[in-house]
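Visitor: Under the working numbering, the first residue of the sequence shown is numbered 1400, with each subsequent residue one higher.
Where is the CB? At the ideal position from N, CA and C, for every residue including glycine.
On a predicted model such as this, the values are computed, not experimentally measured, just so you know.
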Amino acid sequence: MLAVLVFKTNFLDKVALKLGFPEDEIGPHYTEMLEYHKRMDANVPPNSIVFIGDSLIQGLYVQAAHDKAVNFGIGNDTVVGVLKRLPWYRSLENASAIVLQIGVNDLEYRTGTALLRDYTTLLAQLTAGRPVIVNALFPVAEEFIDDGRQWNQEIQAVNTELESLCATAGSCAFLDMSAILGEPAGSLRREMHIGDGVHLSPRGNAAWIAELRKVLDQVIKQQALPVTPHHPDEHSPINAASGD
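1) Would you list the one or two residues that DSSP bridges to Cys1571?
2) How long is the line joining the alpha carbons of Val1481 and Ile1451, rounded to whole angstroms?
3) For Ala1469, does the three-state DSSP call read helix, strand or coil?
4) Between which two residues does the alpha helix (DSSP H) holding Val1618 run?
5) Does the structure place the segment 1509 to 1526 close enough to the segment 1477 to 1495 that three or more beta carbon pairs sit under 8 Å?
6) Helix, strand or coil, according to DSSP, for Gly1474 in the structure here?
7) By how many angstroms is the C-alpha of Ser1490 removed from the C-alpha of Thr1519?
8) Rounded to whole angstroms, what's the CA-CA distance from Asp1440 to Glu1492? Just pull it up for me.
9) Between Leu1345 and Asn1534, which are expected to be in contact by the criterion C-beta below 8 Å, what is the C-beta distance as a whole number of angstroms?
10) Could you please give the first and the last residue of the uninterrupted beta strand (DSSP E) stretch that includes Phe1450?
11) Taking all protein chains shown into account, do 16 or more other C-beta atoms lie within 10 angstroms of the C-beta of Ser1547, making it buried, or fewer, making it exposed?
12) Would DSSP call Val1498 helix, strand or coil?
13) Got a sec? Which residues, its chain only, sit under 7 Å from Gln1617 by beta carbon, not counting five neighbours each side?
14) By alpha-carbon positions, which one of Ala1527, Ala1578, Pro1583 ends up nearest to Cys1565?
15) State the Cα-Cα distance for the pair Ile1554 and Arg1484, rounded to the nearest angstrom.
16) State the start and end residues of the unbroken alpha helix (DSSP H) segment that holds Met1432.
17) Buried or exposed: which applies to Ala1523, given that a residue is buried once 16 or more other Cβ atoms fall within 10 Å of its Cβ?
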């Protein structure tokens, strides 16, 4: 099923610039933000709602979605980047739920098939003990990118498979904002982005927050898993591979 999603990877430099892609997938911003996250993670209380993702998460006031939310977003991040940093977040062991918005940046570096394969690995690691909310990739306004690439067609194809992955993962809820953020033709509505065709405006974030509140309320009510007391003095990564 995943093999049919083979996407173009020969991006133009101007597309990378428009979308904020770094030259290297794991860049200085990623490294610096992860250091901040490590410090934060030591003091995250049990039963928090942990948000993980790229700039869409980093730029979101997550406490508006839930008062126990924690923001571990890193601009420009990919699923590969999330997998790399995941072991450092000990707070995930005691979280009530995990919210993901990640994947669109991967399309610069790899095919849709590879993206979904990595996402499968990510969900396998996260859904073992806590519910996960997977956000569909948001539509974009292609006219602001202007590279001739059919972004929304690729995004929709990924989302179809991502929804299936979530359905089979267990403890996974899928939130698709496409109908709310997008026009009937599929493009991100002008009032929903900041003018670059990608990043959500305050109005776009407000719409997203409203839906996140609904889903989080349902997910938290449905699960009543016990949590293990958090130990803030433990700073080493969980099962981190050497050299990461």
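Guide: From the atom records:
1) Here residue 1571 corresponds to residue number 172 of the sequence shown, with the count starting at 1. Beta-bridge pairing links Cys1571 to Val1531.
2) To locate residue 1481, count along the sequence shown from 1; it is residue 82. To locate residue 1451, count along the sequence shown from 1; it is residue 52. Their Cα atoms are separated by approximately 8 Å.
3) The residue labelled residue 1469 in the question sits at position 70 within the sequence shown. Residue 1469 is actually Val in this sequence, not Ala. Note: Val1469 maps to strand in three-state DSSP.
4) Working through the sequence shown from its first residue, we reach residue 1618 at position 219. Start and end: 1601 to 1621.
5) The segment 1477 to 1495 vs the segment 1509 to 1526: in contact.
6) By 1-based counting over the sequence shown, the position of residue 1474 is 75. In this structure, Gly1474 counts as coil in the three-state DSSP scheme.
7) Residue mapping note: residue 1519 aligns to position 120 of the sequence shown, counting from 1. Residue mapping note: residue 1490 aligns to position 91 of the sequence shown, counting from 1. CA-to-CA, the gap between Thr1519 and Ser1490 works out to about 21 Å.
8) Here residue 1440 refers to the residue found at position 41 of the sequence shown. Here residue 1492 refers to the residue found at position 93 of the sequence shown. Approximately 11 Å between the Cα atoms of the pair.
9) Because the chain is modelled from 1400 through 1643, residue 1345 falls outside the range shown and cannot be assessed.
10) By 1-based counting over the sequence shown, the position of residue 1450 is 51. Looking at the DSSP string, the run of the beta strand (DSSP E) that includes Phe1450 is 1448 to 1452.
11) Within the sequence shown, numbered from 1, the residue matching residue 1547 stands at position 148. Note on identity: in this sequence residue 1547 is Gly, with Ser being the wrong assignment. Gly1547 is exposed by the Cβ-count criterion.
12) As a first step, residue 1498 must be located in the sequence shown, where it is residue number 99. Here Val1498 sits in strand by DSSP.
13) Taking the first residue of the sequence shown as 1, we reach residue 1617 at position 218. Close CB contacts of Gln1617 within its chain, under the 7 Å cut and outside five residues either way in sequence, are absent.
14) To locate residue 1565, count along the sequence shown from 1; it is residue 166. The residue with the shortest Cα to Cα distance from Cys1565 is Ala1527.
15) Position 155 of the sequence shown, counting from 1, holds the residue named residue 1554. Position 85 of the sequence shown, counting from 1, holds the residue named residue 1484. Between Ile1554 and Arg1484, the C-alpha separation is close to 24 Å.
16) In the sequence shown, residue 1432 corresponds to position 33, counting from 1. Unbroken alpha helix (DSSP H) run through Met1432: 1427 to 1440.
17) Position 124 of the sequence shown, counted from the start, is the residue given in the question as residue 1523. Exposed: under 16 other Cβ atoms inside 10 Å.
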